[in-house]
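Residue numbering for the sequence shown follows the UniProt record's numbering, starting at 1 and increasing by one per position.
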Amino acid sequence: MSEGISQPDRPQTMAGESRDLFSKFDETIAMREGLLASGMEDPFSLVMEKVLSPTRAICNGRDTILLGTYNYMGMTFDPDVIQAGKDALDNFGSGTTGSRVLNGTYQGHKECEEALKEFYAMDHAMVFSTGYQANLGIISTIAGKGDYVVLDIDSHASIWDGCAMGKAEIVPFKHNDIEAMEKRLKRIPEGAGVLVVLEGVYSMLGDIAPLKEMVAVAKKHGAMVLVDEAHSMGFIGDNGRGVCEQAGCIDDVDFIIGTFSKSVGTVGGFCVSNHPKFEIMRLVCRPYVFTASLPPSVVATAATSIRKLMHGSNKRAHLWENSKRLHAGLTELGFQLGTDQPESAIVAVIMPDLERGAAMWGALLKEGLYVNLARPPATPANMTLLRCSLCAEHSSEEVETILGMFERAGKAVGII
Ligand code: PMP
């Protein structure tokens with residue numbers, strides 16, 4: 001996500017008159033009202049009335065295929081995962097009501113961190129209440145005033161917010177551009193602390209970073225490296241450790257950030273690291289200290305899911321098949337996609353503009369297919385995208401059904 005939600009010009013006010021702090025949202029309000037005026041369903045407030053499986057839900061009373069959930073490995077309905085959550089509810093209650101550093105560390109939090117250490121074969125693991133907070137906390141705590149953060153311009157909002165909170169100098173470079181990254185690194189004063197922040201998979205277009213080269217360049221310039229593997233965990237790499245495993249550079253990465261809200265199938269975030277001083281983060285990282293820890297049922301489901309993902313190679317292979325088939329099928333139909341080849345479990349379909357993107361989103365929903373409608377500022381280059389994220393639980397037949405839905409909706413809306 002690029003950094004800025006642009007701030008419109010401030011309206012003039014008369015002396016003594018109070019300024020409406022909401023006036024800065026007028027442009028967004030107008031955009032939303034414009035969309036709804038066309039009589040279409042609000043794409044940003046869909047309700048899942050019942051969830052039947054990782055790939056099916058009832059929306060507007062209709063059985064709908066889910067193709068926009070990030071539930072890549074389909075763990076949300078795994079019977080072992082669900083049983084672990086139920087047992088933890090029975091044995092530990094519904095919540096911890098406290099911070100990890102006070103009363104909020106239960107056996108389950110430690111077990112979850114042990115599972116992560118094993119999954120990544122790393123020395124340290126720290127669980128946060130969300131992936132957003134993991135980025136916010138780790139980046140802001142290790143890169144403070146006087147330090148530098150060199151980051152891809154298309155980084156996720158949580159990365160930008162971590163940079164802002166830490167008050168380090170922020171040095172962005174063009175998306176996935178190794179030379180641009182090196183140029184920025186060369187300009188940083190000698191002796192300064194530098195953190196390079198990269199993502200394995202960029203979630204808007206579903207493209208991956210050239211991590212081997214980028215990590216090598218960062219290390220050559222003495223920088224520490226943090227890689228957000230939110231969208232690759234469980235799927236990419238022989239053991240599902242992510243793009244840095246696939247690229248063969250995981251040993252040179254200082255911090256991996258991840259989330260439980262995608263392949264793991266629940267909620268939560270984490271950082272794993274081999275840094276010998278890493279444990280001090282538990283005392284100095286504010287988004288870890290000053291918030292309640294995850295409920296026992298959540299860490300129990302996460303730990304069970306992570307352990308099962310260690311043996312997920314068959315699911316990984318089927319997910320790749322799904323991704324390749326959807327990518328090839330949509331290309332054949334004439335849709336413009338975010339990547340030339342399938343690089344991840346995300347296939348982004350580029351829409352000509354927000355109006356037609358929203359119309360296509362509505363037409364797909366009527367067909368019985370849910371995808372994500374993504375728009376600026378979340379998307380790069382002002383694009384409107386229909387983002388499809390595949391699941392290992394989508395059957396090959398379902399992928400063919402999805403392609404038929406795209407064909408009918410695309411023709412009805414005039415996109416193909
Ligand atoms: N990093 C990236 C790259 C993400 O896409 C997301 C969520 N979409 C997060 C971090 C935050 O994860 P969480 O949902 O656990 O807050």
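We treat Cβ as the ideally placed atom computed from N, Cα and C, and that holds for glycine.
No experiment lies behind these values; they were computed from the predicted model shown.
Of the candidates 216, 362, 202 and 208, 216 places its Cα closest to the Cα of residue 196.
If the five residues before and after residue 113 are omitted, its C-beta is found closer than 6 angstroms to the C-beta atoms of 125 and 127, all from its own chain and listed in chain order. One thing to note: residue 147 has its Cβ no nearer than 8 angstroms to the Cβ of residue 218.
Given a length threshold of 3 residues, each whole run of the beta strand (DSSP E) inside the stretch 378–402 is given here in chain order: 384–389. Fewer than three Cβ pairs drawn from the stretch 320–329 and the stretch 103–121 lie within less than 8 angstroms of each other, which leaves the two stretches out of contact. For residue 50, the enclosing beta strand (DSSP E) has its first and last residue at 50–53. With 16 or more other CB atoms across the displayed protein chains lying within 10 angstroms of its CB, residue 296 is buried. What you get when you keep residues with a C-beta closer than 5 angstroms to any heavy atom of the ligand PMP is 130, 131, 132, 156, 158, 203, 228, 230, 259, 261 and 269. Between residue 348 and residue 234, the C-beta spacing is not below 8 angstroms. The three-state secondary structure of residue 153, taken from DSSP, is coil. In the same chain as residue 292, and ignoring 5 residues on each side of it, the C-beta atoms closer than 8 angstroms to its own belong to 95, 96, 97, 98, 99, 104 and 129, in chain order. Rounded to whole angstroms, the gap between the alpha carbons of residue 253 and residue 262 is 22 angstroms. Taking a contact to require three or more Cβ pairs closer than 8 angstroms, the stretch 58–71 and the stretch 267–274 do not qualify as touching.
According to the DSSP secondary-structure assignment, residue 126 is paired through a beta bridge with 271.
Counting C-beta pairs closer than 8 angstroms gives three or more between the stretch 382–397 and the stretch 335–354, which meets the contact rule. For residue 394, the CB contacts under 6 angstroms within the same chain, skipping 5 residues up- and downstream, are 55 and 322 in chain order. Here the alpha carbon of residue 176 sits roughly 10 angstroms from the alpha carbon of residue 155. By the Cβ rule, the stretch 134–144 counts as touching the stretch 219–229, because three or more pairs are nearer than 8 angstroms.
Per DSSP, residue 199 is one residue of the beta strand (DSSP E) stretching across 194–199. For residue 87, the uninterrupted alpha helix (DSSP H) segment begins and ends at 79–92. Residues 57, 58 and 59 of the same chain have their beta carbon placed closer than 8 angstroms to that of residue 48, with the five preceding and five following residues left out of the count.
Residue 207 has 202 as its beta-bridge partners, per DSSP. Residue burial annotation: residue 362 is buried, with at least 16 other C-beta atoms found within 10 angstroms of its C-beta.
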